[in-house]
Structure formats: C-alpha cells, structure tokens
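Undergrad:
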Amino acid sequence: MTDIKTGSVKIYLDSDIQTDFDFDHEKIAMDVCEAVLKRISCPFDTEIDILIVDDERIREINLETRDIDNATDVLSFPNLFFADPGKFDIRDEELSDLIDPENGLIVLGEIVLSYDRILAQSTEYGHSIKREYAFLIAHSMLHLCGYDHMTDEDAVVMEDLQKQILDGLKIFRE
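This is how it looks when you write it as structure tokens:
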C-alpha cells in the first residue's frame, strides 16, 4: 500500500493484483482527486482509499455490497451523505464521526477500480489507459461527493464536471 499526501488530500492506494501502468498512476490518482475537490470547493482536508483489483474481485465486491453478480469498472463507497451534490454541509456534531482519529482528516470514502476493465475500456473507447484510469477516478470521486447520474439532468452535470476536471489536467480523449 502506498500513502500519498499533498496539500489537503491523503490517498491510501493499494492493489490486490500486479499492475503494469506505463505512467505514474499514484501521481495521476492524486492529481485527479485534488482537481475534483478543488473544482467543487471542498472545505475539508480529506482521506480517500483507492483499491485496484481484477474483474473477479470487483465482481465479488459488487455481489457482496450491491447484490449484483457482475464485474464493473469502478465502485464508489461514500462515507458522507449529501443533500445537495458537492455541498459539504456537515454539522459540527457530525464531524467527529467522519474524522480519522489517526490523522484528523475527513474520510471521504473508498474507490475500487477494476484493472481488467481499465485496460479493456481504454481499447474499447479508443483512448489511453491513463485517460481511462483518470476518468474512472474522477467519476468515482464525484460519487463520493454526492453526484450521481440517475437522471438525464444529473448525468449531464456529472459528465460536464468530469470533462472539465480531466481537460484541466490535460488528460484528453485521443
């Protein structure tokens, strides 16, 4: 497991499998997480767990947590409830339950990525593995911050934010 901390974000990045990224995936994870939190003006120092697994393990997690017996590209497990997406309206009495006592950071949640899907979808969508990896982290981070895509309107908002974040990092579809 790798602990990455810069500014107001700490990431615990771990992998259950051997990965072979041709880019600095730790830096990309940090850059994307920071960009999302900056874009939505998160007022807290946060902690995020990211786990990279294979299709079989993500299928097991999906079955255990969502009762869906299929592999997926990414799962998001938010620790906070948002009445409005991206609005960190947390009452002081709720803060103590959300803070990691070891480091004083708000635990935003966990992201589980399928390495197999990152590779396959980058080919399927015709862009780089780096772009697919960054996209899935941005997508999942927005879920951790209360965004969803259950309605067409919500999907447009989320897609626009994802594009702004990745474009700002100069991670484009190729």
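Counting in my numbering, the sequence shown tops out at residue 186, every number present.
Idealized CB from N, CA, C, for every residue including glycine.
1) Using DSSP with H/G/I as helix, E/B as strand and the rest coil, what is Ile60?
2) Between the beta-carbon of Asp61 and the beta-carbon of Glu122, is there less than 7 Å?
3) Out of Glu68, Gly158, Ser20, point me to the one whose CA is closest to Ala83's CA.
4) So, with DSSP's three-state summary, where would you put Lys22?
5) Are the beta-carbon atoms belonging to Val21 and Cys45 less than 7 Å from one another?
6) CA-CA distance, Ile70 and Ser126?
7) Please classify Tyr159: is it buried, with 16 or more other beta-carbons within 10 angstroms of its beta-carbon, or exposed?
8) For Ser53, I'd like the list of residues in its chain whose CB is within less than 8 Å of its CB, leaving aside the five on either flank, ordered along the chain.
9) Mind checking whether Ala192 and Leu181 have CB atoms under 7 Å apart?
10) May I have the straight-line CA-CA distance separating Leu120 from Thr135, to the nearest angstrom?
11) Within this structure, are the beta carbons of Leu156 and Ser88 separated by less than 7 Å?
12) Taking Cβ positions, are Asp57 and Leu110 nearer each other than 7 Å?
13) How about Ala146 and Ile102: are their beta carbons less than 7 Å apart?
14) Return the bridge partner residues of Pro90 from the DSSP annotation.
15) Confirm, please, whether the CB-CB distance from Ile29 to Ala41 is below 7 Å.
TA: Checking against the coordinates, here is how it stands:
1) Reduced to three states, the DSSP call for Ile60 is strand.
2) Yes, they are a contact pair.
3) Ranked by Cα distance from Ala83, the first of Glu68, Gly158, Ser20 is Glu68.
4) For Lys22, the three-state secondary structure derived from DSSP is strand.
5) Against a cut-off of 7 Å, the Cβ pair of Cys45 and Val21 comes out as a contact.
6) Cα to Cα, Ile70 sits roughly 6 Å from Ser126.
7) Classification for Tyr159: buried.
8) Counting only Cβ-Cβ distances below 8 Å, and skipping sequence neighbours, we find Gly98.
9) Lying before the first or after the last residue shown, residue 192 is absent from the chain, which here runs from 13 to 186.
10) One C-alpha to the other measures close to 31 Å.
11) Result yes, Cβ atoms of Leu156 and Ser88 sit closer than 7 Å.
12) Not closer than 7 Å, so no.
13) Contact: no.
14) The beta-bridge partner set that DSSP reports for Pro90 consists of Gly121.
15) No, the pair does not count as a contact, with Cβ atoms beyond the cut-off.
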